[in-house]
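K.L.:
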């Protein structure tokens with residue numbers, strides 16, 4: 001009897017949305033494979049993120065929160081959803097957009113345009129910080145000097161600090177990034193493949209750097225990349241920016257699903273990404289399962305990162321006398337760009353962009369400085 | 001550093017080496033020497049491995065055997081009083097495991113005969129082959145040949161003689177083979193997920209090995225899982241959300257079972273194993289297996305791809321997972337300290353192996369026997385089996401609706417079901433026991 005009931009339910013699902021049972025389904029939800037209608041999709045998508053925010057206590061009323069905005073789909077949707085939820089559920093947050101311009105021609109300038117439109121559209125104040133402002137070098141300059149080997153070391157180290165410095169300039173209490181469930185699952189896998197147990201223990205935490213001045217959090221921790229792609233695609237109310245983004249992406253054949261840097265065709269990360277996509281096809285739940293595994297790993301609490309001090313030069317968090325950025329910059333400015341790279345191979349600073357899960361925090365002393373006048 | 005084993009200079013190895021090595025020299029036109037003993041010509045396997053053409057046959061062999069022996073002695077896997085059962089599938093890994101255990105036994109026998117007081121007995125060895133033809137009907141024809149081959153292989157490894165146990169996988173369901181077979185087929189049919197079916201079969205295989213081991217008085221079960229196999233397991237477990245129990249599966253010793261499982265080839269990679277089979281002319285039999293599908297297959301090909309990109313990737317993966325805290329059952333239970341040889345005690349100290357001594361997780365999933373974590377607990381308590389299982393088994397093995405779940409439960413081997421029933425009771429008892437542990441006098445304590 002129950003079987004027949006289930007059957008009739010199933011038949012019903014093919015005609016009506018299986019959540020509201022009223023409207024026609026327009027999509028198969030990537031996370032659950034349920035056939036649901038547009039309105040229900042918005043609702044579950046936004047409600048899930050709201051629940052993640054509430055359950056994990058990500059924000060407190062009155063906080064100033066910077067959204068790390070790259071102009072890609074994740075941060076664009078994050079900015080929209082956060083400002084929506086902030087209004088709807090009265091979080092009482094002051095939201096800002098914060099972008100970093102690495103100075104890579106053809107990679108970032110397009111996406112920065114999007115961020116600028118976001119600023120206008122949502123009325124969120126935008127701060128763009130460039131490597132040029134912060135360090136006196138663009139990535140293009142650096143690549144010109146050192147070639148395509150080890151250049152990611154520079155970019156990774158500089159970006160990690162740049163976001164924190166920007167956040168300090170905006171005097172925000174928290175920094176949110178658009179890392180989604182796929183990103184986190186990928187990081188878990190990469191940390192296993194790489195043998196990095198310390199990062200493995202931390203890469204699934206939704207908030208990092210709580211001991212530092214500016215904690216970072218990832219409200220999209222459980223949000224599938226595919227759903228982030230779908231979300232703006234079927235929204236009419238969603239701003240013209242997104243439409244712009246989409247038409248832009250489709251017509252210019254700009255693949256903004258994989259925002260791979262032009263300087264880093266990273267085969268290794270590519271394998272992992274491809275693997276996760278294959279897994280998702282086979283079993284959508286696998287992405288959440290990887291995150292669950294990452295949270296459940298029995299890692300001794302004694303596994304710790306090196307003790308943290310501050311850089312003698314710039315005051316940024318550092319385990320050494322000088323922070324990595326200062327060492328690298330010193331090398332660049334003295335015409336010895338290889339300085340500081342040898343020991344970094346495969347280590348903390350050798351990693352590529354998404355391993356920026358280091359307890360992120362910025363130096364208090366920076367807040368009073370103008371970004372242009374940072375003495376490096 | 002000179003090779004310590006005199007075998008490199010003398011004995012049969014040299015002659016064999018000459019034959020194999022000369023071809024390589026002809027091609028290269030330069031005289032290369034084994035990087036270890038520096039006196040013999042290295043072997044070339046031509047399998048594209050990174051260390052191809054670096055070691056001579058003898059050094060290569062002693063290296064692999066050394067890893068095996070180190071694992072055995074440092075974890076007290078096999079001691080003189082033991083009776084070990086080697087799980088033998090016919091594949092390369094278990095063939096090498098069988099060979100090494102045999103060599104260890106031959107050596108022990110030699111020592112026994114040479115010693116005056118004959119104080120140390122020689123450990124006993126048995127071999128088990130699981131017949132899976134009931135689960136894979138396509139195998140049926142090949143299985144009888146395979147069994148005959150296994151029998152002759154085991155016979156050739158004597159003296160000392162070894163018992164062979166051929167275990168039909170359906171034996172876990174009872175002694176009546178027709179009924180048991182029927183139940184197995186029904187049980188597998190009720191699992192809709194391909195990966196779940198594969199995993200369930202793997203658990204049943206382990207159960208049948210445990211059954212034959214305990215019924216025939218063995219106290220160790222040797223499984224030939226190598227590094228490469230474990231690397232795949234690390235990733236499949238991660239992908240299935242079994243991060244908590246993962247560290248239990250990849251240690252040298254797994255004593256959560258009635259008969260502790262030991263993995264002496266844990267530190268050898270697949271390439272070494274196949275090379276060794278090739279070198280020593282160890283024959284293997286590959287049953288036309290049911291092709292792997294689903295998650296397990298995807299992970300295997302992913303690991304193969306990674307291994308191609310970096311030949312040490314498998315080791316790194318297993319090493320990462322080995323850094324996770326093991327469980328209290330990941331060592332041979334110390335029934336009596338005198339049983340553990342001094343050398344092992346020293347080694348355990350040397351390697352500073354730490355185990356999670358606290359018995360915090362006494363609850364195990366009745367399906368896959370993995371230790372349960374707090375996050376596995378379910379709000380839905382309507383079905384005892386469902387509530388007692390781990391989240392991974394709930395998803396990929398258990399049927400989703402109530403009535404078929406009940407039927408599924410009725411098909412499971414008795415052993416699994418009894419575990420569900422005692423689940424709650426055992427849990428609270430061990431908790432209480434844990435609380436008053438300090439005040440209890442254990443039986444063996446009194447004896448000392």
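Residue numbers (UniProt numbering), protein chains in the order written: chain B, 1 to 376; chain L, 1 to 448. We treat Cβ as the ideally placed atom computed from N, Cα and C, and that holds for glycine.
1) Using the three-state DSSP reduction, which class does residue 69 (chain B) fall into: helix, strand or coil?
2) Are any of the Cβ atoms in chain L nearer than 8 Å to that of residue 61 (chain B)?
3) With contact counted as at least three CB pairs below 8 Å, one residue from each stretch, are the region 309-324 of chain B and the region 332-339 of chain B in contact?
4) On the DSSP letters alone, give me the boundaries of the beta strand (DSSP E) that residue 157 (chain B) sits inside.
5) Mind the definition here: the region 209-218 of chain L touches the region 158-170 of chain L only if three or more C-beta pairs lie below 8 Å; say whether that holds.
6) Nearest-angstrom Cα distance between residue 20 (chain B) and residue 85 (chain B)?
7) Would you please verify whether the beta carbon of residue 25 (chain L) is less than 8 Å from any beta carbon of chain B?
8) Since residue 68 (chain B) meets chain L, which of its residues come closer than 9 Å, beta carbon to beta carbon?
9) Can you give me, in chain order, the residues of the region 178-198 of chain B that have a beta carbon less than 8 Å from any beta carbon in chain L?
10) Compare the C-beta of residue 313 (chain L) against all C-beta atoms of chain B and say whether one is closer than 8 Å.
11) Could you give the distance in angstroms between the alpha-carbon of residue 296 (chain B) and the alpha-carbon of residue 266 (chain L)?
12) Just how far apart, CA to CA, sit residue 90 (chain B) and residue 59 (chain B)?
13) Quick one: does residue 409 (chain L) have its CB under 8 Å from some CB of chain B?
14) So what does DSSP say about residue 407 (chain B), is it helix, strand or coil?
15) Whose C-beta lies closer than 6 Å to the C-beta of residue 356 (chain B) among residues of the same chain, with five residues either side of it excluded?
16) Just mark residue 242 (chain L) as buried or exposed, buried being the case when its beta carbon has 16 or more other beta carbons within 10 Å.
17) Buried or exposed: residue 18 (chain B), going by 16 or more other Cβ atoms within 10 Å of its Cβ?
18) Residues in the same chain with beta-carbon distance under 6 Å from residue 64 (chain B), minus the five sequence neighbours each way, listed in chain order, please.
19) For residue 27 (chain L), does the count of other Cβ atoms within 10 angstroms reach 16, so buried, or fall short, so exposed?
20) Three Cβ pairs or more, each shorter than 8 Å: is that satisfied between the region 271-287 of chain L and the region 92-99 of chain L?
21) In whole angstroms, what is the alpha-carbon distance linking residue 46 (chain B) and residue 231 (chain B)?
22) Kindly identify the DSSP beta-bridge partner or partners of residue 320 (chain L).
23) With distance defined between alpha-carbon atoms, name the residue in L:194, L:201 and L:172 nearest to residue 294 (chain L).
24) Could you check the C-alpha separation between residue 184 (chain L) and residue 143 (chain L) for me, to the nearest Å?
25) Mind pulling the chain L residues with CB within less than 7 Å of residue 298 (chain B)?
26) If we call anything under 8 Å between Cβ atoms a contact, is residue 259 (chain L) one with residue 220 (chain L)?
27) With a CB to CB cut of under 6 Å and the five nearest residues on each side skipped, what residues in its chain are close to residue 244 (chain B)?
28) Is there a Cβ of chain L sitting closer than 8 Å to that of residue 282 (chain B), yes or no?
29) So, residue 364 (chain L) versus residue 254 (chain L), is the Cβ gap smaller than 8 Å?
30) With a cut-off of 8 Å, does the C-beta of residue 191 (chain L) fall near any C-beta of chain B?
31) Please list, in chain order, the chain B residues whose beta carbon lies closer than 7 Å to that of residue 294 (chain L).
32) Residue 55 (chain B) CB to nearest chain L CB: under 8 Å?
33) Grouping DSSP H, G and I as helix and E and B as strand, with all else coil, what is residue 123 (chain L)?
34) Per DSSP, residue 28 (chain B) forms a beta bridge with which residues?
35) Please state whether the Cβ-Cβ distance between residue 247 (chain L) and residue 325 (chain L) is less than 8 Å.
36) DSSP three-state call for residue 372 (chain L): helix, strand or coil?
P.N.:
This is what the structure gives:
1) Secondary structure at residue 69 (chain B): coil, using DSSP grouped into helix, strand and coil.
2) no
3) no
4) Taken as a continuous stretch (DSSP letters only), residue 157 (chain B) belongs to no beta strand (DSSP E), being part of the alpha helix (DSSP H) at 151-169.
5) yes
6) 22 Å
7) With a pLDDT of 43 at residue 25 (chain L), under the threshold of 50, the modelled position of that residue is not reliable, and no figure is offered here.
8) Near residue 68 (chain B) there are no residues of chain L at all, since even the closest Cβ is about 27 Å away, more than 9 Å.
9) 188, 189, 191, 192, 193, 194, 195, 196 and 197
10) yes
11) Pairing residue 296 (chain B) with residue 266 (chain L), the inter-Cα distance amounts to about 24 Å.
12) 11 Å
13) No - not a single Cβ of chain B is within 8 Å of the one on residue 409 (chain L).
14) Summary: the structure shown does not reach residue 407 (chain B), with chain B confined to residues 1 through 376, and so no result is reported for it.
15) Any reading at residue 356 (chain B) is ruled out, since the residue's pLDDT is 38, under 50, leaving its predicted position unreliable.
16) buried
17) buried
18) 94, 172 and 173
19) At residue 27 (chain L) the pLDDT is 46, less than 50, meaning the model places this residue with poor confidence; the figure from the coordinates comes in the next sentence. Under the 10 Å beta carbon count, residue 27 (chain L) is surrounded by fewer than 16 other beta carbons and is classified as exposed.
20) The answer is yes - the region 92-99 of chain L touches the region 271-287 of chain L, with three or more Cβ pairs under 8 Å.
21) 10 Å
22) Answer by DSSP bridge pairing: none, since residue 320 (chain L) is not bridged.
23) L:194
24) 18 Å
25) In chain order: 244, 247, 324 and 325.
26) yes
27) Here residue 244 (chain B) scores only 46 on pLDDT, less than 50, and its place in the model is too uncertain to base an answer on.
28) yes
29) no
30) no
31) 282
32) no
33) coil
34) Beta-bridge partners of residue 28 (chain B) (DSSP): B:35.
35) yes
36) coil
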